Ligand code: FPP
């Protein structure tokens, strides 16, 4: 990688545009450790994490990706110190304020998954405003996972389906993958083809548990603030060199 950078070459040209993933989901991890390594407060890491968000969203738009989902705030993140939660919420509002015009011009459609009604009112309002403004855009779908947890999403779907059965709207036998999917936050969104996690942690952390059944997983040691467009391209190229078998044999796939 350093050689490529010295020669000012980009991996972007090595991406096979015929074989692009439709949907990339990212667990943006390592902001706190990145800051700590430099003797700074964790919030400094989050602030720099926002810079990476901008770069990666831009890269996703440039290569023509259809969907990108970013794990920005999990249900479990409420357990962090209040000051950090507050700073994260502030960063989110600022990011929307600063980037919305540009995102809209770039035809990006903003969506959220998770229960945003439990976020501070100004944050919820800002997000709803941004979603409304961009709702007719047809370019990249930028999905922010906020107050999101995979298990609670599955429980929520199960409760809604049970309610429908109780009210004789559907039969138990109607329950299958397609029906279940319709009750998830991601009803209109294809499953991620590729899931990236930064910071050298090999965990899923309650992210898109149902949806990643057949996603390709990619882990990098880079902390999120250090993750750049080239790292993103590298992950996509790695994905493109894999064989996705979905339970079939290699021979069946090659037919
Ligand atoms: C994980 O790093 C990161 C988060 C919990 C928050 C991610 C949020 C942002 C990048 C900023 C706001 C987002 C948008 C979309 C504008 P960590 O704090 O868990 O790092 P650590 O594991 O090193 O402690």
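Residue numbers (our numbering): -6 to 248.
All C-beta atoms in this analysis are idealised placements derived from N, C-alpha and C, irrespective of residue type, glycine included.
None of the values given here were measured: they were computed from a predicted structure.
From residue 127 to residue 103, what distance separates their C-alpha atoms? Mapped onto the chain shown, residue 127 falls at position 134. Mapped onto the chain shown, residue 103 falls at position 110. If you take the alpha carbons of residue 127 and residue 103, they lie about 6 Å apart.
Specify the secondary structure class of residue 225 as computed by DSSP and reduced to three states. Stepping through the chain shown from its first residue, residue 225 is reached at position 232. DSSP places residue 225 in the helix class (H, G or I) of the three-state scheme.
Pairwise C-alpha distance: residue 18 and residue 195: Indexing the chain shown from 1 puts residue 195 at position 202. Indexing the chain shown from 1 puts residue 18 at position 25. Approximately 15 Å between the Cα atoms of the pair.
How would you label residue 67, buried or exposed, when you count the other beta carbons within 10 angstroms and need 16 or more for buried? Along the chain shown, one-based indexing puts residue 67 at 74. Around the C-beta of residue 67, 16 or more other C-beta atoms lie within 10 Å, and the residue is accordingly described as buried.
Alpha carbon to alpha carbon, how far is residue 64 from residue 114? Give it in angstroms, no decimals. Counting from 1 along the chain shown, the entry for residue 114 is found at position 121. Counting from 1 along the chain shown, the entry for residue 64 is found at position 71. Residue 114 and residue 64 have their C-alpha atoms some 20 Å from each other.
Among the residues of its own chain, which have a CB less than 7 Å from the CB of residue 204, if the five just before and after it don't count? Translated into the one-based positions of the chain shown, residue 204 becomes position 211. Closer than 7 Å at Cβ, skipping near neighbours: 179, 184 and 185.
For residue 112, does the three-state DSSP call read helix, strand or coil? The residue you call residue 112 lines up with position 119 of the chain shown. Coil at residue 112, not helix or strand.
To the nearest angstrom, report how far apart residue 29 and residue 157 are at their CA atoms. Indexing the chain shown from 1 puts residue 29 at position 36. Indexing the chain shown from 1 puts residue 157 at position 164. For residue 29 and residue 157, the distance between alpha carbons rounds to 49 Å.
Just checking, does the segment 211 to 222 make contact with the segment 45 to 60 on the three C-beta pairs under 8 Å criterion? Yes: the two stretches touch, three or more of their Cβ pairs being nearer than 8 Å.
Would the beta-carbon of residue 217 be found less than 7 Å away from any heavy atom of ligand 1? Along the chain shown, one-based indexing puts residue 217 at 224. Correct: residue 217 has its Cβ closer than 7 Å to ligand 1.
Residue nearest to residue 111 in terms of C-alpha spacing, selected from 140, 120, 170 and 88: Translated into positions along the chain shown, residue 111 becomes position 118. Out of 140, 120, 170 and 88, 140 has the C-alpha closest to the C-alpha of residue 111.
Terminal residues of the continuous alpha helix (DSSP H) containing residue 30? Within the chain shown, the letter at position 37 stands for residue 30. Looking at the DSSP string, the run of the alpha helix (DSSP H) that includes residue 30 is 24 to 30.
Helix, strand or coil for residue 244 per DSSP? Taking the first residue of the chain shown as 1, we reach residue 244 at position 251. Three-state result, residue 244: helix.
Between which two residues does the alpha helix (DSSP H) containing residue 148 stretch? As a working mapping, residue 148 is identified with position 155 in the chain shown. 143 to 159 is the span of the alpha helix (DSSP H), which, as asked, contains residue 148.
For residue 246, which residues of its own chain have a beta-carbon under 7 Å away from its beta-carbon, when the five flanking residues on both sides are left out? The residue you call residue 246 lines up with position 253 of the chain shown. For residue 246, where only same-chain residues beyond five positions count, the Cβ hits under 7 Å are 236 and 238.
For residue 65, which three-state DSSP category applies? Within the chain shown, residue 65 is the residue found at index 72, counting from 1. DSSP places residue 65 in strand when its eight states are reduced to three.
Three or more C-beta pairs under 8 Å: does that hold for the segment 152 to 166 against the segment 84 to 92? Three or more beta-carbon pairs separated by less than 8 Å are not found between the segment 152 to 166 and the segment 84 to 92, which leaves the two stretches without contact.
With C-beta atoms as the reference, is residue 100 less than 8 Å away from residue 131? Within the chain shown, residue 100 is the residue found at index 107, counting from 1. Within the chain shown, residue 131 is the residue found at index 138, counting from 1. Note that the C-beta distance between residue 100 and residue 131 is below 8 Å.
Alpha-carbon spacing of residue 78 relative to residue 166, whole angstroms: Position 85 of the chain shown, counted from the first residue, corresponds to residue 78. Position 173 of the chain shown, counted from the first residue, corresponds to residue 166. Each residue's Cα considered, the two are about 43 Å apart.
I want to check one thing, is the minimum distance from the CB of residue 196 to the heavy atoms of ligand 1 below 7 Å? Working through the chain shown from its first residue, we reach residue 196 at position 203. False, no ligand heavy atom lies under 7 Å from that Cβ.
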